[in-house]
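I have placed the structure first, in the form of structure tokens, so that the comments after it can refer back to it.
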DNA sequence: CGTATCATTGACTATCGTCAATCTCTGTGG
DNA sequence: CCACAGAGATTGACGATAGTCAATGATACG
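Protein chains in written order, with full-length UniProt numbering: chain A, 1 to 241; chain B, 1 to 241.
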């Protein structure tokens, strides 16, 4: 009866059977979305909240000159747009990077979920981790050179995917193009390619046909001075008094 | 009886007299903090939430090589660390940039505030706008060259300060050094200086002795393709059904 | 008036982007 | 089975953007 969302949130907040049942009954009705389609667009004001259950999606913006910046990866178990409850209009677009399965959750169902304190806390936790991840992205873009930046990003992806059980033997599916990676890292495709070549030469990674293997996790972390604190993956100990 | 917080939040969520009274009674006991002191440090787990009532503070991280990245400016009316309710440990440091006045709000008082739905919504709104601002910061760092980047940042600052009534004649107090600006923009101090020289030469701004004047707002916005949507400054229209 | 901090400048270098060509892989139709 | 097309990856040559180093000016403050 467990789904990807329950598995993710349950590590944070101790759920009772009633919480789990409510979550299980909410995450139903998956639909598939092809690669490179929009899930929700800037300016829209959707009535459903979207949850990714498989595949990769991303938050991004397109600038007037046509260039694009991706600023967040949405992995299985991630909510796309919880914030439209408060900020009525989307200020960015969410698109799939690979084929995805998505669950559309009606507003009302979310309101029912947030009546359960443990679930509300877990959802709030999820938004705050998104924010923290963005802060680290700013650090990454502002103060690290291309090689360190990409290494740091890969460490983050490895940690996040491990957390939802999608890594085996330091290998995970990464079904996206180098152009998409460069839009993530704020680099040109050419430079992105050179960074990847460099990592291959250093025997740090292999990456082909949508699968990425980290050959030397410790070296990659050291190289990018990766510290996973900001992901707040450990078990949560709430103080509510 | 109005304070900077009430003024800011009241534009978002319609407050009743009881809401306002509660807010007024919460924001008491200001203390002053000198420039360049930490309000709360990475790794700490404070029992109070901090609210800036005057001056400039910032969120930042220091990297192992000693370089620093500032990723958010905290202006009067901004909360520093609402998130420690959920993420028990700070993952970054908050320091003053100028002398500040700060209010320390006990955990319990925040819990009491969040029992009022209008206030809870306004606080949630504030965190989501922080997040949205961070997304724009990533775009700014990733896909804009130094000149546009700085121009965009100045437009954002102007808009945010206008929103709390701290701008007159397109002029505002910006009591920080060029080194701090460069840590914000991910640039070297030398390059930061050159960008400012360029803007002065273009008659876009003046900036000296801690005061910044935007001489041509429209040109600055056009130059950086500034679109204030992401600040969500308009009046909030909640859908709660 | 001396000192410390900040701002400014020039010369040089490193990092990264652009352009354009080529290569590789994959899937398709004959 | 092979030729071909298209997308993505890779490479080299070159140029633009931004960093580093080091010296010099300006300003503020005791």
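All C-beta atoms in this analysis are idealised placements derived from N, C-alpha and C, irrespective of residue type, glycine included.
* **Between the CA atoms of residue 138 of chain A and residue 141 of chain B - distance to the nearest angstrom** => 7 Å
**Prompt:** The beta strand (DSSP E) with residue 72 of chain B in it runs from where to where?
**Reply:** 68-74
- Length-filtered (4 minimum) alpha helix (DSSP H) runs lying within the UniProt domain "HTH crp-type" (144-218) of chain A: 146-163, 178-185, 189-201
Strictly below 8 Å CB to CB, what residues from chain A border residue 64 of chain B? 225
Please tell me whether residue 33 of chain A and residue 100 of chain A are closer than 7 Å, where the distance is taken between their beta carbons.
yes
Under the rule that 16 or more other beta-carbon atoms within 10 Å means buried, what is residue 279 of chain A, buried or exposed?
Within the shown structure, residues of chain A are numbered from 1 to 241, placing residue 279 of chain A beyond reach of any answer.
| field | Residue range of the beta strand (DSSP E) that includes residue 57 of chain A | value | 57-62
So, for residue 106 of chain B: in the same chain, excluding its five sequence neighbours on each side, which residues have a beta-carbon less than 6 Å away from its beta-carbon?
48
> Less than 7 Å separating the beta-carbons of residue 203 of chain A and residue 215 of chain A?
Replying inline: yes
Worksheet item: Do you know offhand how far residue 75 of chain B's Cα is from residue 73 of chain A's?
Response: 29 Å
Which whole-angstrom value is the C-beta distance of residue 41 of chain A and residue 90 of chain A, which I expect to be below 8 Å? 7 Å
Starting from residue 71 of chain B, find everything on chain A with Cβ-Cβ shorter than 7 Å and list it in chain order. 135, 138, 139
Please go through the same chain and pick out, in chain order, the residues whose beta-carbon is closer than 8 Å to the beta-carbon of residue 211 of chain B, but skip the five residues on each side of it.
171, 172, 173, 174
Runs of alpha helix (DSSP H) lying entirely within the segment 14-45 of chain A, each at least 4 residues, in chain order: 17-26
- request: Can you give me, in chain order, the residues of the segment 137-170 of chain A that have a beta carbon less than 7 Å from any beta carbon in chain B?
  value: 137, 138, 139, 141, 142, 143
Between the alpha carbons of residue 189 of chain B and residue 68 of chain B, how many angstroms are there, rounded?
12 Å
Are there 16 or more other CB atoms within 10 angstroms of the CB of residue 186 of chain A, so buried, or fewer, so exposed? buried
Can you pull the chain A residues whose beta carbon is under 9 Å from the beta carbon of residue 191 of chain B, in chain order? By Cβ distance, chain A contributes nothing, its closest Cβ being about 13 Å from residue 191 of chain B, past 9 Å.
Exercise. How would you label residue 55 of chain A, buried or exposed, when you count the other beta carbons within 10 angstroms and need 16 or more for buried?
Worked result: buried
* Is it true that the CB of residue 97 of chain A sits closer than 7 Å to the CB of residue 155 of chain A? -> no
Practice task
Report the rounded CA-to-CA distance for residue 225 of chain B versus residue 92 of chain A, giving the unit in angstroms.
Solution key: 15 Å
Just to confirm, does residue 56 of chain A get its C-beta within under 6 Å of one of the non-hydrogen atoms of the ligand ATP?
Absent from the structure shown: the ligand ATP. Ligands present: none.
Next item on the list: Please determine if the segment 146-163 of chain B and the segment 191-200 of chain B are in contact, where contact requires at least 3 C-beta pairs separated by less than 8 Å.
Entry: yes
field: Start-to-end residues for the beta strand (DSSP E) that takes in residue 51 of chain A
entry: 48-54
Requested in this report: To the nearest angstrom, report how far apart residue 184 of chain B and residue 18 of chain A are at their CA atoms.
Outcome: 46 Å
Open item on the list: Strictly by DSSP, which residues pair up with residue 102 of chain A?
Closed with: A:31, A:52
Partner residues on chain A for residue 198 of chain B, Cβ-Cβ distance less than 8 Å
Correct list: empty, because the minimum Cβ distance to chain A is about 19 Å.
Could you tell me if residue 1 of chain B is buried or exposed, where buried requires 16 or more neighbouring beta carbons within 10 angstroms of its beta carbon? The predicted position of residue 1 of chain B is uncertain, since its pLDDT is 46 and thus under 50; a value taken from the coordinates is nonetheless stated next. By the neighbour-count rule (16 or more Cβ atoms within 10 Å), residue 1 of chain B is not buried but exposed.
| message | Less than 6 Å between C-beta atoms, sequence neighbours within five positions excluded: which residues of the same chain meet that for residue 108 of chain A? | response | none
### Message
Whole angstroms are fine: how far does the CA of residue 28 of chain B sit from the CA of residue 165 of chain A?
### Response
47 Å
Check your understanding: alpha helix (DSSP H) containing residue 11 of chain B: first to last residue?
Key -> Per DSSP, residue 11 of chain B belongs to no alpha helix (DSSP H) and is neither H nor E.
_Between the alpha carbons of residue 169 of chain A and residue 180 of chain A, how many angstroms are there, rounded?_
25 Å
| request: Answer yes or no: does any C-beta atom of chain B fall closer than 7 Å to that of residue 234 of chain A? | output: no
Looking only at DSSP bridge pairs, what is residue 93 of chain A linked to? A:60
Take residue 20 of chain B and list the residues in its own chain whose beta-carbon comes closer than 7 Å to its own, dropping the five residues that flank it on each side. 6
Residue 94 of chain B and residue 39 of chain B - do their beta-carbons sit closer together than 7 Å? yes
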